[in-house]
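Student: Input: one structure, supplied below.
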Amino acid sequence: MASDTASTFHPRIYLAGPDIFYPDQDARYRRLEALCEAHGLHGVRPADEADPPPGGAGGQLLAEHIYAGNVRRLAQAEAVLANLEPFRNPVEPDSGTVFEVGMAIALGKPVVAYLPQAGQTLAARVTAAFGERDAVGGLRYDAAYGLMIEDLGLPLNLMLGCSVRAFAATPEAAVKQLASLLTEPPRRRG
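Just so you know, we're using UniProt numbering here: the sequence shown kicks off at 1 and counts up by one.
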């Protein structure tokens, strides 16, 4: 006799992103959790200050407690939904989220990301944000910092662009892609 629990399994999806820093963080997470639920997934929020360590420590101890909680939640998830929208700058994603994406990839977990500029290249966004100065030796450099512009046709740096399974412009589209990815049959080799 088959168990009912097998039919109600919902893959755990770690919700990586800077959403925790926004004043409306709870509404943001409820929306992501509802999107996941609508696609048969279970969204898992990162740990935060609302989940304090025993004894209510702050500072470094609180940071270590939150870090350990996030690592544990990510490790227990089947996949990651990553918000890679620009954070505190016009081009690059939140560094904590990038760490979580790298950790997920290292653990063999699929990652699907969303950012409103998913259809634009990193090079186009860097040039729009910082300008461009004369090319040197065929390479392009931004005018603000004098750094080479990575122009590989990807939406983000190649380390994200090549490791993330799919990029979408909205959380809705990303969750749909992630659900499809997790339910597609394994590909046969050979």
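Ideal placement from N, C-alpha and C gives every residue a C-beta, glycine not left out.
These numbers come from a predicted model, not from an experiment.
Give me, in chain order, the residues of the same chain whose beta-carbon lies closer than 7 Å to that of Gln76; leave out the 5 immediate sequence neighbours on both sides.
Tutor: Your numbering for residue 76 matches position 76 in the sequence shown. The answer, listed in chain order, is Arg12.
Student: Distance check for Lys109 and Met148, CA to CA, integer angstroms please.
Tutor: Sequence index remark: in the sequence shown, residue 148 carries index 148 (1-based). Sequence index remark: in the sequence shown, residue 109 carries index 109 (1-based). Rounded to whole angstroms, Met148 to Lys109 spans 31 Å at the Cα level.
Student: Would you kindly report the start and end of the unbroken beta strand (DSSP E) that includes Gly55?
Tutor: Here residue 55 is taken as the residue at index 55 of the sequence shown, counted from 1. Segment: none, Gly55 is in no beta strand (DSSP E) and carries neither H nor E.
Student: Label Cys36 either buried or exposed according to how many other C-beta atoms from any shown protein chain fall within 10 Å of its C-beta, with 16 as the threshold for buried.
Tutor: As a working note, residue 36 is residue 36 in the sequence shown. Answer is buried; the Cβ neighbour count reaches 16.
Student: Do Glu100 and Ala16 have their beta-carbon atoms positioned less than 8 Å apart in this structure?
Tutor: For the purposes of this step, residue 16 is taken as the residue at position 16 of the sequence shown. For the purposes of this step, residue 100 is taken as the residue at position 100 of the sequence shown. Yes, they are a contact pair.
Student: Locate the beta strand (DSSP E) running through Gly43, then write down its first and last residues.
Tutor: Numbered from its first residue, the sequence shown carries residue 43 at position 43. According to the DSSP assignment, Gly43 belongs to the beta strand (DSSP E) that extends over His42 to Val44.
Student: Give the DSSP bridge partners of Tyr114, in chain order.
Tutor: Counting from 1 along the sequence shown, the entry for residue 114 is found at position 114. The partner list for Tyr114 (beta bridge, DSSP) reads Asn83 and Ala168.
Student: Excluding sequence positions up to five away, which residues of its chain have a Cβ less than 7 Å from the Cβ of Gln177?
Tutor: Reading the sequence shown from its first residue, position 177 is the one you call residue 177. Answer for Gln177: Val112, Ala166 and Ala168, listed in chain order.
Student: Can you pull the DSSP bridge partners for Glu132?
Tutor: Against the sequence shown, residue 132 aligns to sequence position 132. BP columns for Glu132 point to Asp142.
Student: Taking 7 Å as the limit between beta carbons, can you name the residues of its chain near Thr5, skipping five residues before and five after?
Tutor: The residue given as residue 5 occupies position 5 in the sequence shown. With a pLDDT of 46 at Thr5, under the threshold of 50, the modelled position of that residue is not reliable, and no figure is offered here.
Student: If His32 sits next to Pro171, beta carbons under 8 Å apart, how far is it from one beta carbon to the other, in whole angstroms?
Tutor: What you label residue 32 is simply residue 32 of the sequence shown in a count that begins at 1. What you label residue 171 is simply residue 171 of the sequence shown in a count that begins at 1. According to the sequence provided, residue 32 is Leu. The question's His does not apply to it. Correct: roughly 6 Å between the Cβ atoms.
Student: Measure how close the beta-carbons of Leu158 and Tyr114 come, nearest whole angstrom, since I'm counting them as under 8 Å.
Tutor: One-based indexing of the sequence shown puts residue 158 at position 158. One-based indexing of the sequence shown puts residue 114 at position 114. Rounded, the Cβ-Cβ distance is 19 Å, inconsistent with contact.
Student: Drop a sphere of 10 angstroms on the beta-carbon of Val175, count the other beta-carbons inside from all chains shown, and report buried for 16 or more, exposed for fewer.
Tutor: Counted from its first residue, the sequence shown places residue 175 at position 175. Counting Cβ neighbours within 10 Å, Val175 comes out buried, since at least 16 surround it.
Student: Could you work out which residue in Pro18, Thr8 and Gln120 is closest to Leu156 when comparing CA atoms only?
Tutor: Here residue 156 refers to the residue found at position 156 when the sequence shown is read from its first residue. Among Pro18, Thr8 and Gln120, the Cα nearest to that of Leu156 belongs to Gln120.
Student: Assuming Leu150 and Leu107 form a contact by the criterion Cβ under 8 Å, report the distance between their Cβ atoms to the nearest whole angstrom.
Tutor: Here the question's residue 150 lines up with position 150 in the sequence shown. Here the question's residue 107 lines up with position 107 in the sequence shown. A small fix is needed here, since residue 150 is Glu in this sequence, not Leu. Contact doesn't hold; Cβ gap of about 26 Å is too wide.
Student: Confirm, please, whether the CB-CB distance from Ala129 to Val98 is below 8 Å.
Tutor: Within the sequence shown, numbered from 1, the residue matching residue 98 stands at position 98. Within the sequence shown, numbered from 1, the residue matching residue 129 stands at position 129. Against a cut-off of 8 Å, the Cβ pair of Ala129 and Val98 comes out as no contact.
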